[in-house]
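Per my numbering, the sequence shown starts with residue 351, numbered consecutively.
Below: one structure, written as structure tokens.
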Amino acid sequence: MKTLGIDIGSRNTKTLIFDVEHQQIAHYAWQTTDINPLSSVEALLQQAELATGIKMQQISATAVTGYGRKLYKKADRILSEISCHAAGSLFYYPTAHTVIDIGGQDSKIICLSDEGKVLDFVMNDKCAAGTGRFLEMTAIRLGVDVSQLSDMAKEADKELTLNSTCVVFAESEIIGMMADNQSAANIVRSVHRSIAKRIFSQMSALNHHPPYVFTGGVAQNPDLTWCLEAELNSGLLLPPEPEITGALGAAILANK
Ligand SMILES: Nc1ncnc2c1ncn2[C@@H]1O[C@H](COP(=O)(O)OP(=O)(O)OP(=O)(O)O)[C@@H](O)[C@H]1O
Ligand SMILES: [Mg+2]
């Protein structure tokens, strides 16, 4: 039996086919969310059929999550990102107590009970400061790809402080740092520290405990992960492909 999870995120759309019998991922893929998010879903599903030979008619249950979830009408279940990131994290780390998901537009922190039930959660409030959007803005300003930021920050040799708690003002601060001839490495590190501090302060509203799992596209940034670990004074567990955790959770919950 195969189930399908779809995560229509604000930045990227992810699809994942889960092999229920063998309890393993059969296929996954993602692409930038199109202006018409449904065309991203259709393109990814065609890709999945071609890659695996599994026809969509063979899928026994489908669940959809993400900010665009209500657009997709063919799913058996429409699920919150909270429950999907929790389920996807628990698949890899059954004893997880806290999930930190940082995507392109949102950051969410979820507290789990010993039995893996969602106890509490917080989400950022329409502010890009603790999200991948901040990384994207920084990459554009520095003329690099977002995937290069972590390696750049590893060369940092000075702690710069970004004071702005708003991305719009932070951008002006970054322009000021560039005009002061500060190195790109030190600028990127200050952005990573700022995001980590923002997430940590968001978490103060919760009674959180380790083990901590880090999910979402931003978890692909090792330097930011390291900054967040420093704030938490604890290690972070990373799923093998953190960006697809929500789609994995959706696929796992699709037939429940
Ligand atoms: N290779 C990479 N290294 C570092 N960061 C990355 C990388 N690839 C993507 N990102 C970051 O991941 C973000 C997208 O993550 P994700 O796909 O989880 O978002 P989303 O689910 O679409 O958004 P949301 O959950 O907020 O609706 C981008 O904004 C970018 O900053
Ligand atoms: Mg997401």
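Cβ coordinates follow ideal geometry from the N, Cα and C atoms, glycine included.
Note that the coordinates shown come from a computational prediction; the quantities given were computed from them, not determined experimentally.
Asked	Found
Identify which residue in 402, 454, 412 has its Cα closest to the Cα of residue 328.	The chain is shown from 351 up to 606; residue 328 falls before or after that span and cannot be answered.
Is residue 516 close to chain B? Criterion is C-beta to C-beta, closer than 8 Å.	Checking the listed chains, one finds no chain B in this structure; it contains a single protein chain.
Work out the CA separation of residue 549 and residue 576 for me, nearest whole Å.	13 Å
Within a Cβ cutoff of 7 Å, which residues of the same chain sit near residue 441, ignoring the five residues on either side of it in sequence?	598, 602
Closer than 7 Å by C-beta to residue 582: which residues in its own chain qualify, once you throw out the five before and the five after it? Chain order, please.	550, 562
May I ask which residues mark the beginning and end of the beta strand (DSSP E) holding residue 414?	409-415
Using three-state DSSP, classify residue 355 as helix, strand or coil.	strand
Can you list, in chain order, every residue whose CB sits closer than 5 Å to a heavy atom of ligand 2?	359, 453
Helix, strand or coil for residue 379? Go by DSSP, reduced to three states.	strand
In angstroms with no decimal places, state the Cα-to-Cα distance between residue 505 and residue 536.	8 Å
Can you tell me which of the three DSSP states residue 495 falls into?	coil
Given a cut-off of 8 Å on the beta-carbon distance, is the pair residue 556 and residue 470 in contact?	yes
For ligand 1, I want to know if residue 383 counts as a neighbour, meaning its beta carbon is within less than 7 Å of at least one of the ligand's heavy atoms.	yes
Report yes or no: do the stretch 393-402 and the stretch 364-374 share at least 3 C-beta pairs separated by less than 8 Å?	yes
Got a sec: does ligand 1 put a non-hydrogen atom nearer than 7 Å to the Cβ of residue 552?	no
Over what stretch of residues does the beta strand (DSSP E) that includes residue 426 continue unbroken?	Premise fails: residue 426 is in no beta strand (DSSP E) and is neither H nor E.
Go ahead and label residue 589 buried or exposed: buried means 16 or more other beta carbons lie within 10 angstroms of its beta carbon, across all protein chains shown.	buried
With C-beta atoms as the reference, is residue 517 less than 8 Å away from residue 539?	no
Can you list, in chain order, the stretches of the alpha helix (DSSP H) that have 4 or more residues and sit fully within the stretch 531-589?	534-553, 572-582
For ligand 1, is there a heavy atom less than 7 Å away from the beta-carbon of residue 518?	no
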